[in-house]
Amino acid sequence: MYKNTVLVVDDQPLINVMLKEVLSNSGFNTFVASNYIEAVEIAKTEQPDVAILDINLPDIDGIELLSKLKEINPDIKAIFISGSFDPQYAQKAADKGVLRYFIKPFDVFELANFLVKISSVDSASKGENKWQMIGKK
Numbered sequence: 002m003y004k005n006t007v008l009v010v011d012d013q014p015l016i017n018v019m020l021k022e023v024l025s026n027s028g029f030n031t032f033v034a035s036n037y038i039e040a041v042e043i044a045k046t047e048q049p050d051v052a053i054l055d056i057n058l059p060d061i062d063g064i065e066l067l068s069k070l071k072e073i074n075p076d077i078k079a080i081f082i083s084g085s086f087d088p089q090y091a092q093k094a095a096d097k098g099v100l101r102y103f104i105k106p107f108d109v110f111e112l113a114n115f116l117v118k119i120s121s122v123d124s125a126s127k128g129e130n131k132w133q134m135i136g137k138k
């Protein structure tokens, strides 16, 4: 059975551990990174379908990281997570196609349920992954 692959990138180890556990238990093939270099290496080897990105990493900004990940996989989708909400940044994220913007602390189960809702696997197409954007929050 095909499993959607998710890359979580956050410099807070607890966020990475919690999301990896919850998303893995929800049926996602989940990888975690704590910085730009790790994220790019994982993206190259694992070709994730979606990336959950902290927008304030020490070595790169979320939009910049998403651009780098799209160079590796143009079809990658993204969800942003942040400790604060900046309307201008949120608009830039939306313009880049970010599916949703979660503010910390957030309910990890809500994020997992969001991924479950938007992911759709077409078994007739041999595991091709299809993501569809649903209402913004």
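When we follow the numbering used here, the leftmost residue of the sequence shown carries the number 2, and every step to the right adds one. Glycine included, every Cβ here is placed at the ideal spot set by N, Cα and C.
- Assigned with DSSP and collapsed to three states, V41 falls in helix.
- Residue burial is scored here from C-beta neighbours: T6 has at least 16 other C-beta atoms within 10 angstroms and is therefore classed as buried.
- The beta carbon of A44 sits closer than 7 Å to the beta carbons of L8, L70, I73, N74 from its chain, once the five residues preceding and following it are set aside; these are given in chain order.
- Its chain contains I104 as the residues whose beta carbon lies nearer than 8 Å to that of S85, once the 5 sequence neighbours on both sides are disregarded; these appear in chain order.
- Taking each of S25, V41, D108 in turn and checking the Cα distance to I82, the smallest one comes out for D108.
- Under the 8 Å Cβ criterion, the stretch 58-70 does not count as touching the stretch 23-32, having fewer than three qualifying pairs.
- The beta carbon of K21 sits closer than 7 Å to the beta carbons of V9, T31, V33 from its chain, once the five residues preceding and following it are set aside; these are given in chain order.
- Of all alpha-carbon atoms in Y90, E111, D76, the one lying nearest the alpha-carbon of D62 is that of Y90.
- 9 Å or more divides the Cβ of D11 from the Cβ of D50.
- For S25, the three-state secondary structure derived from DSSP is helix.
- Its Cα nearest to that of L54, the residue L66 stands out among A95, L66, A113.
- Here F103 carries a strand assignment [DSSP, helix/strand/coil].
- Distance from F115 to V23 at the Cβ level is roughly 12 Å; contact not present, criterion being Cβ atoms closer than 8 Å.
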